[in-house]
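I have placed the structure first, in the form of structure tokens, so that the comments after it can refer back to it.
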Amino acid sequence: MADSVGTATPAPHAHPSSNPASTLTRMGTIRRWLASPPVVRNLIDPFVDNEFMRRALIAGVLVSIACAVVGTYVVLRGLAFIGDALAHGVLPGVAGALLLGVPGILGAAVGAVAMIGGVSVITAKSRLSSDTAIGLLFVGLLALGVVMVSGTKSFTGDLVRILFGELLGISEHDLIVQSIATLAVVIVGIVYARPFLLLCFDPDLAQVMGYHARRSHLVMLLLIAATVIVSFQTVGTLLVFGMLLAPAGVGALLARRVGIMMLWAGGTGVLATYLGLLASYHFGYAAGASVVLCAVFLFFLTFTVATVRESLAHRNHQAAHA
Amino acid sequence: MSAPAGVIEAHGLAVGYHRRAVLSDVDLDVPAGGSVALVGANGSGKSTMLRTLVGLLPLVGGALRVLGGEPGSAPQQTAYLSQFHASGFVLPMRAIDVVRMARFDRRGRFQRASASDERVVLDSLERMGIRDLASKPLRSLSGGQQQRVYLAQVLAREASLIVLDEPTAGLDAPGRDAYLTAMDAERARGAVVVTSTHDIGEASRCDRVVLLAGRIVASGPPDAVLTPEHLLETFGITLSRVDEHHLHVVEHHHLHDDGRHVPHQH
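The listed protein sequences derive, respectively, from chains A and B. Mind the numbering: the first sequence is residues 1 to 322 in this note's numbering, read in order. Mind the numbering: the second sequence is residues 323 to 588 in this note's numbering, read in order.
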């Protein structure tokens, strides 16, 4: 990046089409234009040259798509806390899987189902509010996970890997699993689009209209769980929560319709993935954390712009009526 | 032709939560085109009764048939407006999208809205006087405007049973007029309208008024039920008409935890 900063030399891309007599094909011109300036090279080459960067980008995009669909409902239904709990509740599951030598993703699934079941039972049977129940389960399972991992020899390494993922160490197999999960999330999201929208609007109305509010709610929780489980390999269980909330938060600020909100969320997630990976490549920052940091940064940027724009509009409105 | 059965038939009905009755011994027989207003203070059992009617709560006791079956067994013929829409502030939806939701169950999961669905949606917005707000985001609307959107959604259901929890709350005078006109039209086509309300004027337009205060204080035609004595018993407060436009508070009572009415001296 350093070579691109402060270079004042006029680059050859300044007037790419100024010479009509050029014998180069149009494609060749574009390619040369893209390849020439160092700043562009720094933006693209890391992904062209490195298999692990390409895989990280694809995995990040897949996570972004799943998180756009699921995160939208998490934000609209105020399920952030249960999303957080799920994200951390999978830890003992993954730890258990590591101890038993089975794939971590299976353990994560068990942990998530236990979390959903526990929350449902406690909220149904006790007079405690659901946030107390979720909070206790969440902390309990997190502690259990740390205790289990601390019993193994490679404590720190495993724990860091589970909590923060291994975005730069994604295998082809991981990509396939991620693709299937993202596809499944999108399909369920489409099939349940109407019940989910009604659930966001008013769960009672959904029930009265014959949409089985409880079942739809459970499907929604399972979708959150699925997204969290497959994301633990990329951004990790600690940070997947950021990918669920921040892009959807951007969508909520900008969109007037739920579908458009998901598109904004997806776009934000992809942009954050790209920027985060780039920062990680050039400056040596942790990849998963950089991606999530970019997503959160984009949220606060949007928030600031939206707030300023709103207050300006309000002032203009008042001025017009003065 | 089926036998002219009532749309709502309740006998010795008890409603409540967790098998504990909030209201009991409710008898109701409402024919097509009929209307019932439940009138009472907060916590008097109005919402519990309405939620039981649409199948959101199980019966605590007695018998209840709605639209010829168990409550909740005819979702396509039922419209329901609950009291709180906490999501109205967050949900990125335009007014028209909210009304369109009313037609979701009229077509298959992947079928788009038909031209007739769209006509009903626009017509419902028109009837509530908010056609021009159709493409406005819900969260940019005032509370009264949002309530009109929700009522337009109810109209777009084209339901045989319309159950509304405090439909006039937050409505301004033109909104209230639009609502009352719309409900008259719904009843004229045979729909049953059951509402809970604090609005005595609205209640007096119904066939039947039920006054609630943790029990049924009175039930019957509005003229017989909406008497100062009954209202005093229901609210611990009574109004006397000073002239055509003014009501006067006559007395004020507090309802104690043990259910005794204690007169409050002014």
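For glycine and all other residues, C-beta sits at the position ideal for the given N, C-alpha and C.
Beta-bridge pairing by DSSP links residue 517(B) to 359(B), 486(B). Taking 8 Å as the CB threshold, residue 428(B) stays off the interface with chain A. Taking all protein chains shown into account, residue 284(A) has fewer than 16 neighbouring C-beta atoms within 10 Å of its C-beta and is therefore exposed. Under DSSP, residue 545(B) forms no beta bridge with any residue.
Measuring C-alpha to C-alpha distances from residue 398(B) to each of 293(A), 207(A), 75(A), 196(A) identifies 207(A) as the nearest. Here residue 177(A) has 105, 230 as same chain residues with Cβ atoms under 7 Å from its own Cβ, once five neighbours each way along the sequence are excluded.
Contact between residue 249(A) and residue 65(A) is ruled out by a C-beta separation of about 17 Å, above the 8 Å threshold.
Fully enclosed alpha helix (DSSP H) runs of no fewer than 4 residues occupy 155-164, 172-191, 193-201, 203-208 of the stretch 154-213 of chain A, in order along the chain. No Cβ of chain A is located within less than 8 Å of the beta carbon of residue 445(B). Per DSSP, the continuous alpha helix (DSSP H) segment holding residue 447(B) begins and ends at 437-449.
For residue 269(A), no Cβ of chain B is located within less than 8 Å of the residue's own Cβ. Non-local C-beta neighbours of residue 509(B) in its own chain, meaning closer than 7 Å and more than five positions away in sequence, comprise 355, 357, 515, ordered along the chain.
Looking at the DSSP output, residue 331(B) bridges to 351(B), 387(B). When secondary structure is reduced to three states using DSSP, residue 523(B) falls in the helix class.
Between residue 281(A) and residue 103(A), the C-beta gap is not smaller than 8 Å, which leaves the two residues out of contact.
If you draw a 10 Å sphere on the C-beta of residue 414(B), you find 16 or more other C-beta atoms in it, and that means buried. In chain order, 202, 204, 205 make up the part of chain A whose C-beta sits under 8 Å from the C-beta of residue 404(B).
Here residue 212(A) is exposed, its C-beta having fewer than 16 other C-beta atoms within 10 Å. Listed along chain A are 76, 200, 201, each with a C-beta nearer than 7 Å to that of residue 413(B).
Taking residue 528(B) as reference, the option from 535(B), 536(B), 328(B), 542(B) with the minimal CA-CA separation is 542(B).
Among the residues facing chain A, residue 471(B) is not included, as its CB has no counterpart in that chain under 8 Å away. Short of 7 Å from the beta carbon of residue 479(B), and not among the five residues preceding or following it, lie these beta carbons of its own chain, in chain order: 401, 424.
Taking C-beta separations shorter than 6 Å and ignoring five residues to either side along the sequence, the partners of residue 54(A) in its chain run 47, following chain order. Checking the DSSP bridge columns, you'll see residue 459(B) partnered with 416(B). Chain B has a Cβ within less than 8 Å of the Cβ of residue 255(A). For residue 531(B), no alpha helix (DSSP H) run applies; the uninterrupted beta strand (DSSP E) run containing it begins and ends at 530-534, by DSSP. Proximity of the stretch 191-204 of chain A to the stretch 92-103 of chain A falls short of the contact definition, fewer than three beta-carbon pairs being nearer than 8 Å. Here the C-alpha atom of residue 214(A) lies approximately 30 Å from the C-alpha atom of residue 334(B). Chain-ordered, the chain A residues with CB closer than 7 Å to the CB of residue 400(B) read 208. With 16 or more neighbouring CB atoms inside 10 Å of its own CB, residue 299(A) falls in the buried class.
DSSP places residue 219(A) in the helix class (H, G or I) of the three-state scheme.
When only Cα atoms are considered, residue 222(A) and residue 134(A) end up about 16 Å apart. Within 7 Å of the CB of residue 261(A), the CB atoms of chain B belong to 414, in sequence order along the chain. The alpha carbon of residue 375(B) has as its nearest neighbour, out of 351(B), 453(B), 485(B), the alpha carbon of 485(B).
For a Cβ distance threshold of 8 Å, nothing in chain A lies close to residue 454(B): the least Cβ distance comes to about 16 Å.
Contact holds between the stretch 234-246 of chain A and the stretch 285-292 of chain A, because three or more Cβ pairs, one in each stretch, are under 8 Å apart.
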